[in-house]
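Peer 1:
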Amino acid sequence: MRRTGLAVAAMAAVGALTLTACGGGSTGANGSSDKIKIGIKFDQPGLGFKDGENYKGFDVDVARFVAKELGYAEDKIEWVSAPSANRENMLQNKQVDMIFATYSITDKRKESVAFAGPYFIAGQDLLVKADSDISGPEALNGKNLCSVTGSTSAQKVKDNYAAKVNLQELPGYAECVTTMAGGSIDAVTTDDIILAGLAAQEAYKGKFKVVGQPFSTEKYGVGLNKDSDKCAAINTAIKKMIDSGEWKKALEANTAGTGYTPSKDNPPAQDACAK
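Set out below in structure tokens:
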């Protein structure tokens, strides 16, 4: 009986050590240890794109670099689709730890979520055919301009730059680009880096160009829950990526063949974290 009792005690001790070993590491939004859940776009070529089991794009590259600096290897990242309309809810409900998804920092959004960054400064621009003579929004009178249903981008052009432009709305930017390739659209408008990512797709390389005259400013930040304590560490990681040259390398790789040059505001300095 005594020998049996010792065996049981030994087994219990081994079990306790095993539980202790398994319990280490940080806990992500989903409650599992050693994992981090990152929201990205799954359908935005050049920025956040799910290709089979692979994830590609500038947002993804920045997210990977930041995650690594925070102590999370590639196999510890769980990528989560973060559509524009769902981002605030996903952060507030802690469905993700952070979001890299062309997420513009605005005062309105700061009421419900927090931001680190920015890691990029985008601006509304135009995508046109490579041989087009369209040089800016003022040149669009009488032309056909495409944007996505529900977006205000095309209407801004009509209101502020070219009252006689013909607006066409389609369900997505990919449809706009396909239609432009067919010849019935003269230009597509949204953030410049989104346009560059679309044009950088293999099927379109060399066929389109970003005009390069942005007429708005959008600061892409890292979305966080207001309770997050990661802002300062994320900003440090972004600065390290910029200073090391990896930021420029990632941007060029994801916009190759489009003639795209980011605005003079890039690479950006990071804002102070909210207190």
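Numbering (my numbering), first residue to last: 955 to 1229.
By construction, the Cβ of each residue, glycine as well, lies at the ideal position given by its N, Cα and C atoms.
1) Checking 8 Å against the spacing of the C-beta atoms, do Ile1139 and Gln1122 come in under that value?
2) Going by beta-carbon coordinates alone, are Gly1091 and Val1111 separated by less than 8 Å?
3) In this structure, what does DSSP give as the bridge partners for Met1052?
4) From the DSSP secondary-structure annotation, give me the bridge partner or partners of Pro1127.
5) Taking the alpha carbon of Glu1042 as the reference point, which residue from Pro1221, Glu1032, Tyr1057 and Ala1021 has its own alpha carbon closest?
6) Sort Val1165, Ser1105, Ile1053 and Thr1144 by Cα distance to Ser1035 and report the nearest one.
7) Count the other CB atoms, across all protein chains shown, that sit within 10 Å of the CB of Asp1145; report buried if there are 16 or more and exposed otherwise.
8) Which class does Ser1179 belong to by DSSP, given the choice of helix, strand or coil?
9) By how many angstroms is the C-alpha of Phe1074 removed from the C-alpha of Val1164?
10) Please report the straight-line C-alpha distance between Val1119 and Val1102, rounded to a whole angstrom.
11) From what residue to what residue does the alpha helix (DSSP H) around Ala1017 run?
12) Does DSSP classify Asp1225 as helix, strand or coil?
13) Exposed or buried, Gln998, counting other C-beta atoms within 10 Å across all chains shown (16 or more means buried)?
14) Is there contact here, the segment 1183 to 1199 with the segment 1215 to 1229, by at least three beta-carbon pairs under 8 Å?
15) Quick check on Thr972: does DSSP put it in helix, strand or coil?
16) State the Cα-Cα distance for the pair Leu1205 and Gly993, rounded to the nearest angstrom.
17) Under a three-way DSSP split, which group does Asn1220 fall into?
18) When the Cα of Asn1220 is compared with those of Glu1172, Thr1106, Ala1210 and Asn1208, which residue comes out closest?
19) Can Leu1208 and Gly1151 be called in contact, C-beta distance under 8 Å?
20) Check each candidate in Cys1130, Ala1076, Gly1137 and Ala1228 and name the one with the smallest Cα separation from Thr1215.
21) Measuring straight from C-alpha to C-alpha, what distance separates Ser980 and Pro1037?
Peer 2: Let me lay it out:
1) Taking the first residue of the sequence shown as 1, we reach residue 1139 at position 185. Taking the first residue of the sequence shown as 1, we reach residue 1122 at position 168. Closer than 8 Å, so yes.
2) Position 137 of the sequence shown, counting from 1, holds the residue named residue 1091. Position 157 of the sequence shown, counting from 1, holds the residue named residue 1111. For the sequence presented, residue 1091 should be read as Pro rather than Gly. A contact, by the Cβ cut-off of 8 Å.
3) Stepping through the sequence shown from its first residue, residue 1052 is reached at position 98. Answer by DSSP bridge pairing, in chain order: Ile992.
4) On the sequence shown, residue 1127 is found 173 positions in, with the first residue counted as 1. A quick correction: the sequence has Tyr, not Pro, at residue 1127. DSSP lists no partner for Tyr1127.
5) Taking the first residue of the sequence shown as position 1, residue 1042 is located at position 88. Looking at the Cα atoms, Tyr1057 is the closest of the given residues.
6) Numbered from its first residue, the sequence shown carries residue 1035 at position 81. Among Val1165, Ser1105, Ile1053 and Thr1144, the Cα nearest to that of Ser1035 is on Ile1053.
7) What you label residue 1145 is simply residue 191 of the sequence shown in a count that begins at 1. Buried is the call here.
8) Here residue 1179 is taken as the residue at index 225 of the sequence shown, counted from 1. According to the sequence displayed, residue 1179 carries Asn and not Ser. It is coil, neither helix nor strand.
9) Position 210 of the sequence shown, counted from the start, is the residue given in the question as residue 1164. Position 120 of the sequence shown, counted from the start, is the residue given in the question as residue 1074. If you take the alpha carbons of Val1164 and Phe1074, they lie about 17 Å apart.
10) For this step, residue 1119 is matched to residue 165 along the sequence shown. For this step, residue 1102 is matched to residue 148 along the sequence shown. When rounded, the distance between both Cα atoms is 16 Å.
11) For the purposes of this step, residue 1017 is identified with residue 63 of the sequence shown, where counting begins at 1. Residues Phe1012 to Glu1023.
12) Position 271 of the sequence shown holds residue 1225. Asp1225 falls in the coil class under three-state DSSP.
13) Residue numbering aside, residue 998 sits at position 44 when the sequence shown is read from its first letter. Buried: at least 16 other Cβ atoms inside 10 Å.
14) yes
15) For the purposes of this step, residue 972 is identified with residue 18 of the sequence shown, where counting begins at 1. Residue placement at Thr972 is poorly supported in this model, since its pLDDT is 40, which falls under 50; the coordinates still yield a value, given next. Reduced to three states, the DSSP call for Thr972 is helix.
16) Here residue 1205 refers to the residue found at position 251 when the sequence shown is read from its first residue. Here residue 993 refers to the residue found at position 39 when the sequence shown is read from its first residue. Cα to Cα, the separation comes out at about 19 Å.
17) On the sequence shown, position 266 is the one that residue 1220 refers to. Coil at Asn1220, not helix or strand.
18) Taking the first residue of the sequence shown as position 1, residue 1220 is located at position 266. Checked all of Glu1172, Thr1106, Ala1210 and Asn1208; the closest Cα to Asn1220 is Glu1172.
19) Here residue 1208 refers to the residue found at position 254 of the sequence shown. Here residue 1151 refers to the residue found at position 197 of the sequence shown. One point to set straight first is that residue 1208 is Asn, not Leu, in the sequence displayed. Pairing Asn1208 with Gly1151 gives a Cβ-Cβ distance under 8 Å.
20) Indexing the sequence shown from 1 puts residue 1215 at position 261. Closest by alpha carbon: Ala1076.
21) The residue given as residue 980 occupies position 26 in the sequence shown. The residue given as residue 1037 occupies position 83 in the sequence shown. The predicted position of Ser980 is uncertain, since its pLDDT is 43 and thus under 50; a value taken from the coordinates is nonetheless stated next. Roughly 26 Å between the two C-alpha positions.
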